[in-house]
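Residue numbers (the working numbering): 8 to 106. Where is the CB? At the ideal position from N, CA and C, for every residue including glycine.
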């Protein structure tokens with residue numbers, strides 16, 4: 008069985024280490040990045056089955072990264088993670104084909 012590859016971009020990725028370790032223990036291969044630019048560069052070179060994106064990252068935001076990823080490969084599931092309660096953010100994400 009092929010290992011499921013997850014790309015996870017979050018500027019506070021160290022805080023998510025317990026979640027990443029759990030996913031690794033469950034057989035997922037998680038590759039982490041602290042910004043959208045590096046995540047996008049990796050996505051262009053490597054195949055990922057699933058993408059987790061923080062919305063609020065330095066440089067390229069989660070929404071910008073989402074749009075760029077969907078322009079490269081529209082079929083990849085993307086989960087946008089945010090602490091924000093702004094309704095327009097959700098509308099923008101849905102407009103960018105968030106999954």
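Asked: In chain order, what residues of the same chain have a beta carbon less than 7 Å from the beta carbon of residue 44, not counting five sequence neighbours either side?; Found: 66 and 67
Asked: Taking the CB atoms as reference points, tell me whether residue 126 and residue 60 lie closer together than 8 Å.; Found: The displayed coordinates of the chain run from 8 to 106. Any statement about residue 126 would go beyond what the structure contains.
Asked: Measure the alpha-carbon distance for residue 76 versus residue 88 and round it to whole angstroms.; Found: 15 Å
Asked: Restricting to Cα atoms, I'd like to know which of 69, 52 and 62 is closest to residue 79.; Found: 52
Asked: State the CB to CB distance for the pair residue 14 and residue 46, rounded to an integer number of angstroms; the pair is presumed to be in contact (CB under 8 Å).; Found: 6 Å
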